[in-house]
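Colleague: Supplied in structure tokens, the structure appears directly below.
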Amino acid sequence: MNIVLLGPPGCGKGTQAKNLGEAFGLAHISTGEIFRDEIGRGTPLGQEVQSYVTRGALVPDELTVEVVASRLDKTPGDFLLDGFPRTVGQAKSLDKYLKGKGRRIGRVVYIELSDAEVVKRLGARWSCTTCNEIYNLNSRKPKKDGVCDADGGKLFQREDDKPEAIKKRLSVYATLTKPLIQHYTDSGLISQVDGSAAPEQVFQQIRKVLDEASAAKA
Ligand code: AMP
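The numbers in the working numbering rise by one with no breaks, and the one at position 213 of the sequence shown is 396.
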């Protein structure tokens, strides 16, 4: 089944997507990670998107859709989209693209989290420079300060996890991304889980939702 993970910044999409991808054998496609990788390598695409990403604004729809479509073209099996779509325009373009390929979204998992919790989490988030593992200084500290438990990589704080960018990302989320909840409710695809629980519990909630969705499909 093809899955979309939806939710505010810091709701745990990245962590859940990584675990779900491994557990269900899905290709994990994260637009945020693609953009950060392109920026890190200084590619033309990276240069084009850098100013949007660092200030917490959205990269224009047309460019983002193009990036995802080209990734999906190279992904024949089931996939999990993390951080895309983020606007109703992107969702409509995705629907159209998938329809043209005879593919479709099976379930949209909405990970709900309050603004206050988002601010608290993002300010304490650190990620690994090499494997993208995510830590939180309040709830999931690395064993050694600044070093990834998984592969010993150096941890860094994202530019857009600084206070001004967090404010901007929350307002962008409220105005441009939240309407997607209605869009996918209308298509009967959405299931909501509580993102304030511990990551393992959120994972179990999502697993239950997906099991129910596959049983209903069978
Ligand atoms: P994320 O890692 O998902 O929080 O994304 C980090 C940043 O990448 C966002 O704040 C945007 O600047 C950009 N970005 C990621 N996904 C999208 C998207 N679907 N549409 C536009 N911009 C995006």
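Where a beta carbon is used, it is the ideal one built from N, C-alpha and C, also for glycine.
(1) Using a 10 Å radius around the Cβ and a threshold of 16 neighbouring Cβ atoms, would you call Pro227 buried or exposed?
(2) Given the structure, does Pro259 come close to the ligand AMP, in the sense that its CB is under 7 Å from one of the ligand's heavy atoms?
(3) If I follow the unbroken alpha helix (DSSP H) through Ile317, where does it start and stop?
(4) How would you call Gln365, buried or exposed, if buried means at least 16 neighbouring beta carbons within 10 angstroms?
(5) Shorter than 7 Å, the distance from the beta carbon of Arg308 to the closest heavy atom of the ligand AMP, or not?
(6) Pull up the DSSP beta-bridge partners for Gln375, would you.
(7) Going by C-alpha distance, which of Leu263, Ile217, Leu255 and Leu363 is nearest Lys201?
(8) Please confirm if the segment 368-380 is in contact with the segment 290-298, defined as three or more CB-CB distances below 8 Å between the two stretches.
(9) Taking C-alpha atoms, which residue in Gly272, Gln199 and Leu393 lies nearest to Leu241?
(10) Indicate whether Met184 and Ser370 have their beta-carbon atoms separated by less than 8 Å.
(11) Helix, strand or coil: which one does DSSP assign to Gly250?
(12) Are the segment 327-339 and the segment 243-260 touching, with three or more C-beta to C-beta distances below 8 Å?
(13) Could you check if Phe267 belongs to the surroundings of the ligand AMP, using beta carbon to heavy atom distance under 7 Å?
(14) Suppose you measure from the CA of Asp344 to the CA of Arg308; what does that come to, to the nearest Å?
(15) Using a Cβ-Cβ cut-off of 6 Å (strictly less than) and excluding sequence neighbours within five positions of Gln340, which residues of its own chain qualify?
(16) Using only CA atoms, which one of Gly225, Ser234 and Ala252 lies nearest to Thr214?
(17) With which residues is Asp210 paired in a DSSP beta bridge?
(18) For Gly223, verify whether its CB is less than 7 Å away from any heavy atom of the ligand AMP.
(19) Per the DSSP calculation, Ile217 is bridged to which residue(s)?
Modeller: By the coordinates alone:
(1) exposed
(2) no
(3) No alpha helix (DSSP H) contains Ile317, which is instead part of the beta strand (DSSP E) from Ile317 to Asn319.
(4) exposed
(5) no
(6) Tyr293
(7) Leu263
(8) yes
(9) Gly272
(10) no
(11) As written in the sequence, residue 250 is Val, which differs from the Gly given in the question. Reduced to three states, the DSSP call for Val250 is helix.
(12) no
(13) yes
(14) 8 Å
(15) Trp309
(16) Ala252
(17) This sequence places Ala at residue 210; Asp is not what is there. Ala210 pairs with Phe262.
(18) no
(19) Looking at the DSSP assignment, Ile217 forms no beta bridge with any residue, so it has no partner.
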